[in-house]
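**Q**
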Amino acid sequence: MRTPFGLLEPYVSLTPRAVRWATTFALLCSIGIILTGGIVRLTGSGLGCPTWPKCTDDSLIVPAEMGIHGTIEFTNRMLTFVISVAVGLAIITARLQKVPNRWLVRTTWSQFFIIVLNAVLGGITVWTGLNPYMVAIHFCAATLLLTTTTLSYDYAHSPAFADWSRHSLPEGPGTRYARAKALLRSQATEGPVVLNQVPADPTRPRRTRLAWVLVAVAALLVVAGTLTTGAGPHPGDSSEVHRIDLDWAGLAWVHGLLGTLVLVLAGAVTWAAHQAADLKTRRRGLILLGLLVGQMTIGVYQSLDGLPWVVVAAHMVGAALVWVGVLRVLLATIHPDPVVLTPETEAPAPVSA
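Numbering (my numbering), first residue to last: -1 to 351.
1) Cutting at 6 Å between CB atoms, please list the residues of its own chain near A270, excluding the five before and the five after it.
2) Between L94 and S11, which are expected to be in contact by the criterion C-beta below 8 Å, what is the C-beta distance as a whole number of angstroms?
3) Taking the Cβ atom as the reference point for each residue, do T69 and V60 lie within a distance shorter than 8 Å?
4) Can we say the stretch 32 to 50 touches the stretch 95 to 107, given the rule of at least three CB pairs closer than 8 Å?
5) Taking three-plus beta-carbon pairs below 8 Å as touching, is the stretch 109 to 127 in contact with the stretch 136 to 145?
6) Count the CB pairs spanning the stretch 154 to 165 and the stretch 258 to 272 that are closer than 8 Å, and state whether there are at least three.
7) Looking only at DSSP bridge pairs, what is Q293 linked to?
8) Can you tell me whether DSSP reads L12 as helix, strand or coil?
9) Within 10 angstroms of its Cβ, does A62 collect 16 or more other Cβ (buried), or is it exposed?
10) Between T173, M64 and R326, which has its C-alpha nearest I285's C-alpha?
11) Along the chain, where does the alpha helix (DSSP H) containing R100 start, and where does it finish?
12) Is it the case that the Cβ atoms of A140 and I296 are separated by a distance below 8 Å?
13) Following the continuous alpha helix (DSSP H) through L163, name the residue where it begins and the one where it ends.
14) Use the C-beta contact count for L289: other C-beta atoms within 10 angstroms, 16 or more gives buried, fewer gives exposed.
15) Rounded to the nearest angstrom, how far is the Cβ of A317 from that of K278, given a contact under 8 Å?
16) Any idea which residues DSSP pairs Q95 with across the strands?
17) Do the CB positions of Q293 and V320 come within less than 8 Å of each other?
18) Quick check on the DSSP output: the alpha helix (DSSP H) that includes V60 runs from which residue to which?
19) If you drop the 5 nearest sequence neighbours on each side, which residues of the same chain put their C-beta closer than 8 Å to that of H313?
20) Alpha carbon to alpha carbon, how far is D335 from A266? Give it in angstroms, no decimals.
21) Can you grab the Cα-Cα spacing for the pair Y9 / C27, in whole Å?
22) Check whether the Cβ atoms of V83 and F110 lie closer than 8 Å to each other.
23) Assign N74 to one of three DSSP states: helix, strand, or coil.
24) My output table needs one value for A154: the three-state DSSP class, helix, strand or coil.
25) Applying the 10 Å Cβ sphere with the 16-neighbour rule, what's the burial state of P14?
26) Please state the DSSP three-state secondary structure of T1.
27) Check whether the Cβ atoms of W307 and T78 sit closer than 8 Å, and answer yes or no.
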């Protein structure tokens, strides 16, 4: 049985530029859904629609009597359809490439299943009356979606994908995707086709290990942030909502210390990349350092100013950008850009006597 993609293959072949645009749109939407989810909580609109999947027991959409809180919460639900469209475009553009890439197809499809998971978790969060642990899990699932959209975005914009797109599919029966997998199998046995050489760098594995430590500590930072939020003064609704029974001030200190450790690790990776003349990792490391300094500044300001919700929302967007930056530093150490030799960089030919 042929899939819709198999039926479209004889007539539609999309360019790498299409998948780059689609993965960018999906990444922006995954950041946006974190912001809108934060606005729901910060404005006390978490139970603006008191049930799920309908807004109320009698209405699928938000009725007028639910007021502004119902409108805010229902709007956030509707944005799920926007990000679903974005992910759908990413899947379609990845699958209908001239030579579909298995990594890109799998990461885009994973986003679809994470959206379904996040929708179910959102419903459970409403059913449990904004249980703070469910709110934290819901945010972590949104971060998981952000992770996969970052992976797709990074690969779609990489020279490796541009090189892959210049391959020719082997002859034979089956869909493009099946023949692309056959191409991968042949490369595994016969050796990959190297289009641009990456110079050997014995220090790169050490930078990769350091970047993995950076990712692990940044993940702990995200978890600590969700726990701090769960114990903090923004419960998500104007009614009495259960909070995590932990010391909020103590959690905020732990969160700050983890943020400082992430800053130190990012600086270490960036310095190591500078010492090794790894321009890609150094450039991304410097961007990450700038994001971290800005994020820490916002964090200190919001704690001193009584946690105004607008500043907290900016802090949530900053958290999303920092996570993207951390992942892209790791990916830079794993997949360095190839070096294309120019006449100036090519070694001079030996002169015979």
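Just so you know, even glycine gets a beta-carbon here, dropped at the ideal spot from N, CA and C.
**A** Judging by the given coordinates:
1) R205
2) 7 Å
3) yes
4) no
5) yes
6) no
7) According to DSSP, Q293 bridges with nothing at all.
8) strand
9) exposed
10) R326
11) R100 to W125
12) no
13) Correcting the residue identity first, residue 163 is Ser in this sequence and not Leu. Element bounds for S163: P157 to S163.
14) buried
15) With a Cβ gap of about 24 Å, A317 and K278 do not count as contacting.
16) L12
17) yes
18) Note, V60: premise wrong, no alpha helix (DSSP H); not H, not E.
19) Q293, I296, G297 and Q300
20) 20 Å
21) 29 Å
22) no
23) helix
24) helix
25) buried
26) coil
27) no
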